[in-house]
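Numbers 1 to 472, taken from my numbering, label the letters of the sequence shown in order.
Here the structure is laid out as structure tokens; the discussion comes afterwards.
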Amino acid sequence: MESTTSIVLYPSLGMGHLISMVELGKFILRHQPSFSIIILTLPPLLSTSSADDYIRHISATVPSITFHHLPAISADLDSFPSIEAFLFELLRLYNPHIHDALETISRSATIAAFVIDFFCTTALPIAIQLHIPTYYFITSGAHFSAFFVYLTEIDRTTTKSFKDMNTLLHVPGVPPIPSSDVFRPLLDRTTTDYENFMNVSINLPNSAGILINTFESLEPKPLKAMREGKCNPYGHTPPVFCVGPLLAAQSVDEVRHDCLKWLDNQPSKTVVYICFGSAGLLLAAQLKEIADGLERSGHRFLWVVRSPPEEKGELILGPSEPGLDALLPAGFVERTKDRGLMVKSWAPQVAVLNHEAVGGFVTHCGWNSTLEAVCASVPMAAWPLYAEQHFNRVLLTEELGLAVRVEMAEDGFVGAEEVEKRVRELMDGDSKKGEEIRKVVGEKSEEARAAMAEGGSSVSTLGELLNLWNSA
Ligand code: UDP
1 MESTTSIVLY PSLGMGHLIS MVELGKFILR HQPSFSIIIL TLPPLLSTSS ADDYIRHISA
61 TVPSITFHHL PAISADLDSF PSIEAFLFEL LRLYNPHIHD ALETISRSAT IAAFVIDFFC
121 TTALPIAIQL HIPTYYFITS GAHFSAFFVY LTEIDRTTTK SFKDMNTLLH VPGVPPIPSS
181 DVFRPLLDRT TTDYENFMNV SINLPNSAGI LINTFESLEP KPLKAMREGK CNPYGHTPPV
241 FCVGPLLAAQ SVDEVRHDCL KWLDNQPSKT VVYICFGSAG LLLAAQLKEI ADGLERSGHR
301 FLWVVRSPPE EKGELILGPS EPGLDALLPA GFVERTKDRG LMVKSWAPQV AVLNHEAVGG
361 FVTHCGWNST LEAVCASVPM AAWPLYAEQH FNRVLLTEEL GLAVRVEMAE DGFVGAEEVE
421 KRVRELMDGD SKKGEEIRKV VGEKSEEARA AMAEGGSSVS TLGELLNLWN SA
């Protein structure tokens, strides 16, 4: 009997990472239904039951995707300096289990490819030792990927930390990036985070290829630079494959979310949607400034509000449902009730962005949110919080022309006037800037659709990968 061909996917913790990997699996299956997709899953240590629910849903609806549950390992988050340091150490501890899982799977199937998340880099040597072709899947864009391929080169040529450089970084294919806008965990080179992420940069060239959740015409320059070897001038750059945009499937909830019903009653393209990703938190004082800014702008809005963090500096993973009256300026809810809606903690973002009433998006510049806005043809205002979001703001505003830039103080604080100004820039009918961005976003949205259609660039690229994997 012929053995099945399997593609094994290894996402990191975090819903965004899991969802993108699942979407990659679904994309592969749409074009090669004979493959089996096996996803190695970590126990949901940091999240609630949402990952479990999601996995159950996918298992029930996409039978060709199976989940290989890795055992629980005890590790104490509090003893690590950062979530990233914890995550890297945890993933390192999983190596023996990854080895066992790959061996077990290969007893009954041919593993044509092992696709790992960027954070799962310590699994690369294990797979290489087992002679399994291993690919990275970057859940951010090509600019970010080019930066990471080039990181070892920057590291080689300076002894300074990014936070102390006070300069513009010149990375092939990437617009000049202020050194203070790099991926946050890299800012200080004396930290474990720096060392861990540097290891990703060192490992990338040893992979069989880099899959990126983007499409060719969105980010042509860094793709060209990587393919010409300019981002790793003294080493090798593996082939780069654009397989996106892969977006979270819109859930078909039996009960339509109330915010969508509210949007049904708003005129076309009049509502600005404000949301800071799956985990972004803002201080109570910042929430008040947003409320003031929105009120002064006079525009309609749909705002996902989360409770502020308990301690300053802790900008992700916070407490539960906010009490809006206590958090927002006195009388705000009442005064804006005819033109604004607050949603506590979570909105069905893809559906919101695709709703006819939505005309702008104030975003934290997470890559999934960015792609979702591009695909829905919604112009953005870029307000980064953490991770690679400051880097993405530079791209969105200065290189790609998809967003207006939200200016902030050094500690990230944004005043009400700035909120008002950027919302107006995005939403006012006579705003030239808004019109320019709408035009570019409209074009990119069409290109995104074309990339994922039959014969489109991302489908053709997947075809190349399938050819490679079929001959494995
Ligand atoms: N999201 C959502 N509703 C919310 C907040 C976030 O559906 O209220 C989804 C959003 O559509 C996106 C993901 O969560 O798919 C956030 O991913 P992104 O990469 O933008 O940011 P992250 O959460 O990883 O910082």
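Note that CB positions come from ideal geometry on N, CA and C, so glycine has one too.
| query | result |
| --- | --- |
| Given E23, which residues of its chain have a CB within under 8 Å of its CB, disregarding the five upstream and five downstream residues? | L246, L247, A248 and A249 |
| Give the range of the alpha helix (DSSP H) segment to which V378 is assigned. | V378 -> no alpha helix (DSSP H), and no H or E assigned at all. |
| Can the beta-carbon of V502 be found closer than 8 Å to that of V333? | Since the first residue shown for the chain is 1 and the last is 472, residue 502 is missing from the structure and cannot be characterised. |
| Nearest by alpha-carbon distance to R300: which of R189, H257, L263 and A326 is it? | L263 |
| So, for G366: in the same chain, excluding its five sequence neighbours on each side, which residues have a beta-carbon less than 6 Å away from its beta-carbon? | G277 |
| When the Cβ atoms of the segment 289-304 are set against those of the segment 324-344, are three or more pairs found closer than 8 Å? | yes |
| With DSSP run on the structure shown, which of helix, strand or coil describes L317? | In this prediction, L317 has a pLDDT of 49, which is less than 50 and means its spatial position is unreliable; what the coordinates show is noted afterwards. It is coil, neither helix nor strand. |
| Could you give the residue range of the beta strand (DSSP E) that holds W303? | R300 to V305 |
| Counting only the same chain and skipping the five closest in sequence on each side, list residues whose C-beta sits under 8 Å from that of P233. | E153 |
| Secondary structure at V394, three-state DSSP: helix, strand or coil? | helix |
| Could you check where the alpha helix (DSSP H) with C259 kicks off and where it finishes? | D258 to D264 |
| Quick check: the Cα distance between P239 and R227, rounded to an integer number of angstroms? | 7 Å |
| Roughly how many angstroms separate the alpha carbons of P133 and V459, rounded to a whole number? | 21 Å |
| Would L315 be called buried (16 or more neighbouring beta carbons within 10 Å of its own) or exposed? | At L315 the pLDDT is 48, less than 50, meaning the model places this residue with poor confidence; the figure from the coordinates comes in the next sentence. Buried: at least 16 other Cβ atoms inside 10 Å. |
| Tell me the rounded alpha-carbon separation between K312 and P81. | Unreliable placement is indicated for K312, whose pLDDT of 48 sits below 50; no coordinate value is reported for it. |
| Who pairs with L341 in a beta bridge, going by DSSP? | L302 |
| Between the segment 423-439 and the segment 185-201, do at least 3 Cβ pairs fall closer than 8 Å? | no |
| Tell me the rounded alpha-carbon separation between T167 and F148. | 18 Å |
| Is it buried or exposed, S12, if we count other Cβ atoms within 10 angstroms and call 16 or more buried? | buried |
| Could you spell out where the beta strand (DSSP E) holding S36 opens and where it closes? | S36 to T41 |
| Determine which residues share a DSSP beta bridge with V68 and list them. | With the sequence shown as reference, residue 68 is identified as His, and Val is not the correct amino acid for it. The partner list for H68 (beta bridge, DSSP) reads L40. |
| Whether or not the segment 170-182 and the segment 82-101 are in contact is what I'm after, with contact meaning three or more pairs of Cβ atoms, one per stretch, closer than 8 Å; do they touch? | no |
| Exposed or buried, what is N265 when buried is set at 16 or more other beta-carbons lying within 10 Å of its beta-carbon? | exposed |
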